[in-house]
Amino acid sequence: MKETSSVVKSFKESIFATLTKKAHKNQAINLSQGFPDFDGPQWIIHLAKKSLEKGDKHINQYAPLEGIKSLRQIVSKNYKKFYDLDYNPNTEITITNGATEAIFSTILALVNPGDEVIIFEPFYDSYLASIQLAGGIPVPVTLKTNDFKWNSNELREAFSSKTKLVILNTPHNPSGKIFDTLELEELSSLIKEFDTYLMSDEVYEFLLFDNNIHLPPATFKGLKERTVTISSVGKTFGLTGWKIGWTCAPESLSHAIRMVHQFNTFCVNQPTQDAVASALEKLDDYLPGFREMYQKKRDLFIKGLKDCGYNPIVPKGTYFVMVPIEEHTKLNDVDYCTELIETKKVASIPPSAFYIKGDEGKKYLRFCFAKKDETLKAALKNLSS
Ligand code: PMP
Ligand code: GLN
65 MKETSSVVKS
75 FKESIFATLT
85 KKAHKNQAIN
95 LSQGFPDFDG
105 PQWIIHLAKK
115 SLEKGDKHIN
125 QYAPLEGIKS
135 LRQIVSKNYK
145 KFYDLDYNPN
155 TEITITNGAT
165 EAIFSTILAL
175 VNPGDEVIIF
185 EPFYDSYLAS
195 IQLAGGIPVP
205 VTLKTNDFKW
215 NSNELREAFS
225 SKTKLVILNT
235 PHNPSGKIFD
245 TLELEELSSL
255 IKEFDTYLMS
265 DEVYEFLLFD
275 NNIHLPPATF
285 KGLKERTVTI
295 SSVGKTFGLT
305 GWKIGWTCAP
315 ESLSHAIRMV
325 HQFNTFCVNQ
335 PTQDAVASAL
345 EKLDDYLPGF
355 REMYQKKRDL
365 FIKGLKDCGY
375 NPIVPKGTYF
385 VMVPIEEHTK
395 LNDVDYCTEL
405 IETKKVASIP
415 PSAFYIKGDE
425 GKKYLRFCFA
435 KKDETLKAAL
445 KNLSS
């Protein structure tokens, strides 16, 4: 029999799936994969129930491939309101099956075989797989711990005439870093000098602490016309299973993205789009309570980790925290993660899975604190035992 695709043969199971399974198998508290262990807001779930019953509007049939109009309109309205960014809902916004499909469709739409794509490591794992499926060449730039800044020389050297696309994630998983104005200006000038595109993954845009603000790269001069901005509602509404995301990009890029999306999934679950469209109208009322809840969880978990003798890197956003392990063990991240699962019954993520060049990931574990307070307290109790 002939072999399956050589690119696909090189793929392993995602670290998130592996660790969640390992946590279950060992009956460990699962602080690995990023998802809440509590349900999303009941008022949004109620909206979805109402949407499902609008059958006379063909809501339970195929949606338009670009997404339903009401959802594209509210996404557009929110970019204007929060960031003063103008996106035409008809031609510049496309609804996708979560940010993961937005990432895949964007990369497939922009990258030719042999094109170079700059990625900052540690990175979200789907970037690399999507680049490889497109035949692109990943060019990693390592964010140096503990402040996760790039080295300016390394960044400049990563750019070449073959660079087609740069991928940035802010707020950043796994570090919790928010890229600041100076960093974004530096990156922006290289993107313009080398005439590349930017894919900006902003799925944690509303999950910020200590009054930090989110800076979408598309707001920087000259970047909007070459940027695909991606977000989704999984984190914002605590409904990671709903998989509603989107891309915002100039018309020509959006057209290319829609062509990939069309032949991959064609369209996105329509009742859920309808519910999300209504829920996004209420962001102003919803966000303060959402932020307060996660700020409390972050503070509880950080204090607990400190009480256990760890020295966590306090995240400015996201629901992850990176914890240096060198003072605690001679083991690398993978082995220490296994030890904690087996002996303390607490699962985390070994971040070396998010690197292809540097080995800094071996010195950390990533914990997710999107969990009930009782789950976090139980995990801390186990870690301190
Ligand atoms: N980007 C980043 C940085 C993520 O952490 C995640 C997953 N949690 C995604 C994209 C995927 O988002 P979605 O669940 O909407 O596909
Ligand atoms: N982004 C999530 C995390 O970082 C996981 C998403 C997934 O499992 N694909 O944990």
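Heads up: take any position in the sequence shown, counting from 1, add 64, and you land on our numbering.
Beta carbons: idealized from backbone N, C-alpha and C, even for Gly.
- Minimum Cα-Cα distance from Ser239 among the listed residues Asn94, Phe212, Thr158 corresponds to Phe212.
- Contact annotation: Leu369 and Phe270 have beta-carbon atoms that are not nearer than 9 Å.
- DSSP lists Val385 as the bridge partner or partners of Phe431.
- Rounded to the nearest whole angstrom, the CA to CA distance from Ala112 to Leu303 is 12 Å.
- Per DSSP, Thr164 is one residue of the alpha helix (DSSP H) stretching across 162–174.
- The criterion of a C-beta distance shorter than 9 Å is satisfied by Tyr268 and Pro235.
- DSSP lists Val230, Thr291 as the beta-bridge partner residues of Leu262.
- Given a length threshold of 4 residues, each whole run of the alpha helix (DSSP H) inside the stretch 72–100 is given here in chain order: 79–89.
- Under DSSP, Trp310 takes part in a beta bridge, and its partners are Ile159, Ser295.
- A direct Cα-to-Cα measurement between Ser449 and Asp371 gives close to 12 Å.
- In this structure, Pro281 is the residue among Asp259, Phe223, Pro281, Glu266 with its C-alpha nearest to the C-alpha of Asp244.
- For Pro204, the enclosing beta strand (DSSP E) covers residues 201–206.
- For Glu185, the enclosing beta strand (DSSP E) covers residues 180–185.
- In summary, Phe102 is exposed, with fewer than 16 beta-carbon neighbours lying within 10 Å of its beta-carbon over all protein chains present.
- With a cutoff of 9 Å on beta-carbon distance, Ile321 and Val292 are scored as near each other.
- Inclusion of Tyr383 and Gly98 in the CB contact set at 9 Å is warranted, their separation being smaller than that value.
- A distance of 9 Å or more separates the beta carbons of Lys288 and Leu174.
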